[in-house]
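Written out below as structure tokens is the structure these notes cover.
Number of protein chains: 2
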Amino acid sequence: MTSTPTAGTRPDDVRRHNRAALLRRLHVDGPSTRASLATALGLNRSTIKALVDGLAEDGVVEERVPAQRSGAGRPSLLVLPQPQAAVVLAIDIRVERAAMALVGIGGQILARDSWKVREGNREPVEVFTKIVDYFGPLVAEQETPPVAIGVSVPGVVRHSDGFVHEAPNLHWADVPLGAWLSRELTLPVHMGNDAELGAVAEHLRGSARGAEDVVYISADVGVGGGVISNGLSLRGAGGHHIGEVGHMVVRPGGKRCYCGAQGCWETEVGERALCRALGIDEDSPVGAIVAELRALGTRGPEALSRLDEFVEWLTLGLGNVVNLLCPQLVVLGDLFTALPAPVVARVEQAVRERCLVSRALGGTRVVTSPLGSDAKLLGAAELAFETVLSDW
Amino acid sequence: MTSTPTAGTRPDDVRRHNRAALLRRLHVDGPSTRASLATALGLNRSTIKALVDGLAEDGVVEERVPAQRSGAGRPSLLVLPQPQAAVVLAIDIRVERAAMALVGIGGQILARDSWKVREGNREPVEVFTKIVDYFGPLVAEQETPPVAIGVSVPGVVRHSDGFVHEAPNLHWADVPLGAWLSRELTLPVHMGNDAELGAVAEHLRGSARGAEDVVYISADVGVGGGVISNGLSLRGAGGHHIGEVGHMVVRPGGKRCYCGAQGCWETEVGERALCRALGIDEDSPVGAIVAELRALGTRGPEALSRLDEFVEWLTLGLGNVVNLLCPQLVVLGDLFTALPAPVVARVEQAVRERCLVSRALGGTRVVTSPLGSDAKLLGAAELAFETVLSDW
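Chains as they are written, first to last, in our numbering: chain B, 1 to 392; chain W, 1 to 392.
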């Protein structure tokens, strides 16, 4: 998004364009001084003042004298986006849990709810019904109703209408969830692949801020990847998400995967594989796995050796991803965020040594996500905000 | 490239911009009528006439009455780019062979030469010396000297100055080949990864014309990949090429690869693996391998079973690539172009069935390259033409 209007636009269009750009900037960067907004958007201070005044009148932003002054002269006023000025509903559907949140401008979670998903209530229509049931009470608590919905699904989703082609770990195929939701809740619905949305959130609000070429990889029951290329979310043919890293075959003849293939990466580094490595029940709840990983981190190098084989598979797959996509940064999400720091450091080191592309780049960084299990929820919110903010 | 000038440009800039756009169009699409150029560039016929007249005066294009007339009225004149109007030198460096060609506007090869590369003359300085030696005689034959050089190297290349970080199969590391060439031949030198350039050529002049999301995979001694995403060449961090598919580990604990890892895809589907599958010497020359593959294609299904294991590895790796990058089309290049048609059909079918992303896309197409071993040479020429045409 730039603040330069194209030739032939009318003053109204210019103002609208600039207002949307300013709002987007506040939404992503948070409170900013008028001076920094002027610099970032390439507009003069009087234009910024007029825009901010207009937005303040509408209650979208508030202005304050900054606590800390820099330099002499009159301090530049700090412009704060008001979360309640535009609220979206974010939904994160997973194999074992679903979460919903109302998210305000700036990415602030204003209210949230979640429920366990299991064998018995994982059917599309049941998940849909639950969403509708939870919608009323969640919205009732808030002063501002949502204006759009963003949904994260662990599968292949058609962006135009939120049709879920296939979500293997949910055992979903050909589910028109987007159409169901928009009809029932009478709001525009935007749906995307969970890992793609996680990557977006990490890029805007997480450890990948400012990085141009990033791969986000998350482990839950399934393992998925999202790619930021040249600062933008990368998509494949027909606008489909890319980065189905979990179904990269790394162990020919290995374990049978939900997708039908054998030896998929997720059978070696997904939730169940992690449970096996930790020596706990394969169906352990997420909380128990995280607790076990955290405990392991405190017990020293000896204890960590239990993860050796797991680390080997993690490294192998990450090396493949780095060789194929050449990112400067790999962000590990969800369950992977609980990996002890020495394990992450070891993986990073091994990828740097073994991987042709990483060597040439002077080393790919591998970090864990600071957003943790909220990444996909926040990414779903961004999907909804995209249209909301550009149409402001 | 668009034909719409941005606001504030002067008439001269507008004319230059439009002329470059028209030339680029002729370079890529070949002979076109004035009418189709007007439509494609969104310019009126009198502007097109002025531009074409100017280019014709400079000897860059020629105009002819088309042989076949369509419709009534005066026929729209056919505009033909004149190859000699701008010539570039393309160089394709491989493990076993190097080729040089003078390429004119429109992608026509005007003159070419090549030599065998082997253990004894594969050192960077020897390859460089050979290029310089061949340069004089090649250029002497032609009326127009080249104005830029494009070089394809099977390795990790820095685009800004043609520094070769690592080309494992050539055993090259840290070679400033770009600087050597530009100093010695006093021409601008543009260098890129071989598979990336192959992808560019396939997209402009091969089987991927008009496709937006394409992966090109070529097998020589090494196996490499290039990616076209949304119609553009995709690059990774720091502008590095992406798609090092040959070094994707698919057989943990498998054969040791030049890159240092074990079980890289190229150890299972590269030239040597193909020789093993065919039951011929691993060091067989390319011609012998191609002849053997062609012969196999004529001997029916029984004979093809010899390739079963090879096909299995090819399918596995392609499935991974499709799951990660979600292309609509995979183009197989170099040695793979000699694969019998039923083998390619079988691979395509298997990728469609096994691959989550391909299923959702309604099937990825897998085809062999019509450009064959010229793809990288033509891609190198395009790298040089990029600047030549935009600065016209």
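Where a beta carbon is used, it is the ideal one built from N, C-alpha and C, also for glycine. None of the values given here were measured: they were computed from a predicted structure.
Would E212 of chain W count as contacting chain B if we go by Cβ distances under 8 angstroms? At least one chain B Cβ lies under 8 angstroms of E212 of chain W.
Cα separation between E353 of chain W and L274 of chain W? Going from the Cα of E353 of chain W to the Cα of L274 of chain W covers about 24 angstroms.
| task | Tell me whether P342 of chain W sits in a helix, a strand or coil according to DSSP, three-state version. | result | Note: P342 of chain W maps to helix in three-state DSSP.
Relative to chain W, which residues along the region 155-179 of chain B have a C-beta separation below 8 angstroms, given in chain order? Along the region 155-179 of chain B, going in chain order, the ones with a CB nearer than 8 angstroms to a CB of chain W are V156, H165, E166 and P168.
Exercise for review: Give the residues from the region 348-366 of chain B that approach chain W closer than 9 angstroms (Cβ to any Cβ), ordered along the chain.
Suggested key: From the region 348-366 of chain B, only E353, R354, C355, L356, V357, R359, A360, L361, G362 and T364 have a Cβ closer than 9 angstroms to chain W.
Of the residues B:I242, B:L102 and B:Q328, the one placed nearest V351 of chain B, counting alpha carbons only: It is B:Q328.
I want to know whether the region 271-290 of chain B touches the region 310-326 of chain B - three or more CB-CB distances under 8 angstroms. As far as the Cβ criterion goes, the region 271-290 of chain B touches the region 310-326 of chain B, which means the pair count is three or higher.
*Under 8 angstroms between beta-carbons, which chain W residues line up against P327 of chain B? List them in chain order, please.*
Around P327 of chain B, the beta-carbon contacts reaching into chain W at under 8 angstroms are G236 and A237.
* Which ranges would you report for the alpha helix (DSSP H) in the region 164-211 of chain B if only whole runs of at least 4 residues count? -> Runs of the alpha helix (DSSP H) inside the region 164-211 of chain B: 177-185 and 194-205.
Buried or exposed (CB count within 10 angstroms, at least 16 for buried), D171 of chain W: With the sequence shown as reference, residue 171 of chain W is identified as His, and Asp is not the correct amino acid for it. It counts as exposed.
C-alpha distance - T364 of chain B paired with R64 of chain W, whole-angstrom precision | A direct Cα-to-Cα measurement between T364 of chain B and R64 of chain W gives close to 55 angstroms.
| query | Does any residue of chain B bring its CB to less than 8 angstroms from the CB of L51 of chain W? | reply | For L51 of chain W, the answer is no, since every Cβ of chain B falls outside 8 angstroms of its Cβ.
Which residues in the same chain have their Cβ closer than 8 angstroms to the Cβ of I289 of chain B, if we skip the five residues on either side of it in sequence? The answer, listed in chain order, is E271, L274, C275, L278, I280, L335 and A338.
TODO: Check the C-beta distance from D92 of chain B over to A99 of chain B and give it rounded, since I have them as a contact under 8 angstroms.
DONE: Contact flag correct, Cβ pair sits at about 5 angstroms.
- Task: Could you tell me whether the Cβ atoms of N323 of chain B and L361 of chain B are closer together than 8 angstroms?
- Result: Contact flag unset, no.
Select from the region 297-325 of chain W all residues with a C-beta closer than 9 angstroms to any C-beta belonging to chain B, and list them in chain order.
-> E312, W313, L316, G317, G319, N320, V321, V322, N323, L324 and L325: these are the residues of the region 297-325 of chain W whose beta carbon lies less than 9 angstroms from some beta carbon of chain B, given in chain order.
- Message: So, for A38 of chain B: in the same chain, excluding its five sequence neighbours on each side, which residues have a beta-carbon less than 6 angstroms away from its beta-carbon?
- Response: Leaving aside the five residues that flank A38 of chain B on each side, the residues in its chain whose CB is nearer than 6 angstroms to its CB run, in chain order, R45 and I48.
Length-filtered (3 minimum) beta strand (DSSP E) runs lying within the region 320-371 of chain W: Listed in chain order, the complete beta strand (DSSP E) runs (minimum 3 residues) inside the region 320-371 of chain W are 329-334 and 365-368.
request  = Have a look at the DSSP bridge pairing and note the partners of H241 of chain W.
outcome  = Note: H241 of chain W sits in a beta bridge opposite W:R235.
key: Residue closest to G243 of chain B, alpha-carbon to alpha-carbon, out of B:R299, B:L26, B:V214 and B:Y258   = Closest in alpha carbon position to G243 of chain B, among B:R299, B:L26, B:V214 and B:Y258, is B:V214.
Review point. S229 of chain W touches chain B at which residues, Cβ-Cβ below 7 angstroms?
Key: Those are L234, listed as they occur along chain B.
Handout entry: Proximity of G254 of chain B and T267 of chain B at Cβ, strictly below 8 angstroms
Key = It is a contact, given that the beta carbons lie within the stated cut-off.
Exercise. Are the region 11-25 of chain W and the region 370-384 of chain B touching, with three or more C-beta to C-beta distances below 8 angstroms?
Worked result: Proximity of the region 11-25 of chain W to the region 370-384 of chain B falls short of the contact definition, fewer than three beta-carbon pairs being nearer than 8 angstroms.
Range of the contiguous alpha helix (DSSP H) that encloses S36 of chain W = Element bounds for S36 of chain W: R34 to L41.
Decide yes or no for the touch test of the region 99-117 of chain B against the region 131-151 of chain B: beta carbon pairs closer than 8 angstroms, at least 3 of them. Look at the beta carbons and you see the region 99-117 of chain B touching the region 131-151 of chain B: at least three pairs across the two are nearer than 8 angstroms.
Notebook entry, point to check: Residues of chain W with CB under 7 angstroms from M248 of chain B, in chain order?
Noted result: Residues of chain W whose Cβ lies closer than 7 angstroms to the Cβ of M248 of chain B are, in chain order, N320, N323 and L324.
Quiz item: So which residues of chain B does G243 of chain W contact, with C-beta pairs closer than 7 angstroms?
Solution: Those are L324, listed as they occur along chain B.
Compare the C-beta of A261 of chain W with all C-beta atoms of chain B and state if any pair is closer than 8 angstroms.
Between A261 of chain W and chain B, the shortest Cβ-Cβ separation is below 8 angstroms.
- Can you name the residues of chain W whose CB is closer than 7 angstroms to the CB of R251 of chain B? Here the neighbours are P252.
| message | Can you check whether the C-beta of H17 of chain W is within less than 8 angstroms of a C-beta belonging to chain B? | response | The Cβ of H17 of chain W sits no closer than 8 angstroms to any Cβ of chain B.
Please go through the same chain and pick out, in chain order, the residues whose beta-carbon is closer than 6 angstroms to the beta-carbon of E212 of chain W, but skip the five residues on each side of it.
For E212 of chain W, the CB contacts under 6 angstroms within the same chain, skipping 5 residues up- and downstream, are N230 and G231 in chain order.
How should S160 of chain B be labelled, buried or exposed, when 16 other C-beta atoms within 10 angstroms of its C-beta is the threshold for buried? S160 of chain B should be labelled exposed.
Tell me, to the nearest whole angstrom, how far the beta carbon of Y258 of chain B is from that of N193 of chain B; I am working on the premise that it is less than 8 angstroms.
With a beta-carbon spacing of about 16 angstroms, Y258 of chain B and N193 of chain B fall beyond the 8 angstroms limit used to define contacts.
* Can you tell me where the beta strand (DSSP E) with L55 of chain B in it begins and where it stops? -> Looking at the DSSP string, L55 of chain B is not in any beta strand (DSSP E); the run it does join, the alpha helix (DSSP H), is R45 to E57.
Next on the checklist: Give me, in chain order, the residues of the same chain whose beta-carbon lies closer than 7 angstroms to that of F385 of chain B; leave out the 5 immediate sequence neighbours on both sides.
Outcome noted: Closer than 7 angstroms at the Cβ level, and outside the excluded window around F385 of chain B, lie H27 and V88.
### Task
Establish whether the CB of H240 of chain B and some CB of chain W are separated by less than 8 angstroms.
It does: the Cβ of H240 of chain B has a partner Cβ on chain W nearer than 8 angstroms.
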